[in-house]
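Down below is the structure, laid out as structure tokens.
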Amino acid sequence: MLDMRAVLWLEDYLLTWLSTILVVSHDRHFLTSVCTDIIHMHSKRLDFYKGNYETFVQTKTEKLKSQQREYEAQMQYRQHLQAFVDRWRYNAKRSSQAQSRLKILEKLPELTPVVAEQEVILRFPEVDKLSPPILQLSEITFGYGKEVVFKNMNINADMESRIALVGENGAGKTTLVKLLTGELSPQEGYRQAHRSLKTAFFSQHHVDQLVMDVTALEFMQQKFPGKREEEYRHALGMFGVSSDLALRPIASLSGGQKSRLAFAILAVPRSVYTCSKCHRIPIIARTSIMLGTMPICKYYRTCDNICTNHESIKRQDTTMAAQQVELH
């Protein structure tokens, strides 16, 4: 996975590339910057659009509106013709007119109603408000062997915090998250967390934490025993893993569906840490997740987000640049 600096370099490089490039990506900014054409795969068909991703979204939206208007107009016209035929087809004086309209009706092209892509909505449950301090790292020093990653680092997170961590690969972003969650202990300094604080980490390797040969429902039952099946289904349904998806083996789910399951597992904690190298999450779902830094922060209050794309950073209130030795 490329860090943000590498992604920016790649964008600039590809803009000068003279050969054809086929890109599969869920990064909205990257697709807008680089692409000149979009192929939209849906409903077992391919639709072709000229322009970048933003142009595609605008064009597709207008196209769907136009198709819906055309469909509704034709349905109204069909009903008008059919009503005339039904009324006069057996009338001696007007049967010829009825037959004429029936022929028009039979020659009309069959239009189908517009089927919009399913919207992905993530619903995080409400939690109780915690009194400060919620989470603090004070004068933290940490390293691996002789290599010092952080020195004299201070971070304070409250109930309204939305923090983006940015930095090159290897700068220590994941290490910092592990210090925040308590998975790693500082070599110097201390971590102070509210006694009722619960944390969870949505990592770039979130799929590795799932058991592939059981269903999503069975996995939730194993992870959180003692609840009714309706409660497990409700928790999964809040993240779009509902009905038959909940009963399919996890191995058969798409990358995006596995990501939704991973988020469902995070539905109880009050502090959520996301490693947004979430290249398996589709744009439509990622948009929900990034509006999701608002739902997450609204419900969970404290949210740290390791960012490798522009859209995630736009949603944060605080940005921290992780560099070797010091955190600025």
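Counting in this note's numbering, the sequence shown runs from 1303 upward without gaps.
Note that the Cβ used here is the ideal one computed from N, Cα and C, for glycine as well.
L1410 versus V1516, L1481, V1326 and A1375, residue with shortest Cα-Cα distance: Taking the first residue of the sequence shown as position 1, residue 1410 is located at position 108. Closest option to L1410, Cα to Cα, is A1375.
With DSSP as the reference, please indicate the residues paired to F1358 in a beta bridge. If you number the sequence shown from 1, residue 1358 lands on position 56. The partner list for F1358 (beta bridge, DSSP) is empty, contrary to what the question assumes.
Would you call the stretch 1457–1469 in contact with the stretch 1430–1440, where contact means no fewer than 3 C-beta pairs closer than 8 Å? Between the stretch 1457–1469 and the stretch 1430–1440 there are three or more C-beta pairs closer than 8 Å, enough to call the two in contact.
Grab me the residues of I1340's own chain with a C-beta within less than 6 Å of its C-beta, minus the 5 sequence neighbours each way, in chain order. Taking the first residue of the sequence shown as 1, we reach residue 1340 at position 38. Closer than 6 Å at Cβ, skipping near neighbours: Y1351 and F1358.
Under three-state DSSP, which class holds D1349? For this step, residue 1349 is matched to residue 47 along the sequence shown. Looking at D1349 - three-state DSSP - the assignment turns out to be strand.
Could you give the distance in angstroms between the alpha-carbon of F1526 and the alpha-carbon of S1561? If you number the sequence shown from 1, residue 1526 lands on position 224. If you number the sequence shown from 1, residue 1561 lands on position 259. Looking at the two C-alpha atoms, the distance is approximately 18 Å.
If you compare alpha carbons, which of Y1373, T1476, M1540 and Q1489 is closest to F1503? As a working mapping, residue 1503 is identified with position 201 in the sequence shown. Considering only alpha carbons, the answer is T1476.
In whole angstroms, what is the alpha-carbon distance linking A1473 and A1564? If you number the sequence shown from 1, residue 1473 lands on position 171. If you number the sequence shown from 1, residue 1564 lands on position 262. So the two alpha carbons sit approximately 26 Å from each other.
For the putative contact between L1538 and A1566, defined by C-beta atoms under 8 Å, what is the C-beta separation to the nearest angstrom? Translated into positions along the sequence shown, residue 1538 becomes position 236. Translated into positions along the sequence shown, residue 1566 becomes position 264. Going by Cβ atoms, the distance from L1538 to A1566 rounds to 5 Å, so yes, they are a contact pair.
What whole-angstrom Cβ distance do L1432 and L1499 have, given they're in contact under 8 Å? Numbered from its first residue, the sequence shown carries residue 1432 at position 130. Numbered from its first residue, the sequence shown carries residue 1499 at position 197. Yes, L1432 and L1499 are in contact; Cβ-Cβ is about 7 Å, under 8 Å.
So H1551 and V1516 are supposed to be a Cβ contact under 8 Å. How far apart are they, rounded? Taking the first residue of the sequence shown as position 1, residue 1551 is located at position 249. Taking the first residue of the sequence shown as position 1, residue 1516 is located at position 214. According to the sequence as given, residue 1551 is Pro; it is not His. Yes, P1551 and V1516 are in contact; Cβ-Cβ is about 7 Å, under 8 Å.
Quick one: Cα of Q1399 to Cα of W1390, how far? Position 97 of the sequence shown holds residue 1399. Position 88 of the sequence shown holds residue 1390. When rounded, the distance between both Cα atoms is 8 Å.
Quickly, what does DSSP pair M1455 with across the bridge? List them, please. Counting from 1 along the sequence shown, the entry for residue 1455 is found at position 153. DSSP output for M1455 lists I1442 as bridge partner(s).
Buried or exposed: which applies to D1329, given that a residue is buried once 16 or more other Cβ atoms fall within 10 Å of its Cβ? Taking the first residue of the sequence shown as position 1, residue 1329 is located at position 27. Looking at its Cβ environment, which holds 16 or more other Cβ atoms inside 10 Å, D1329 is buried.
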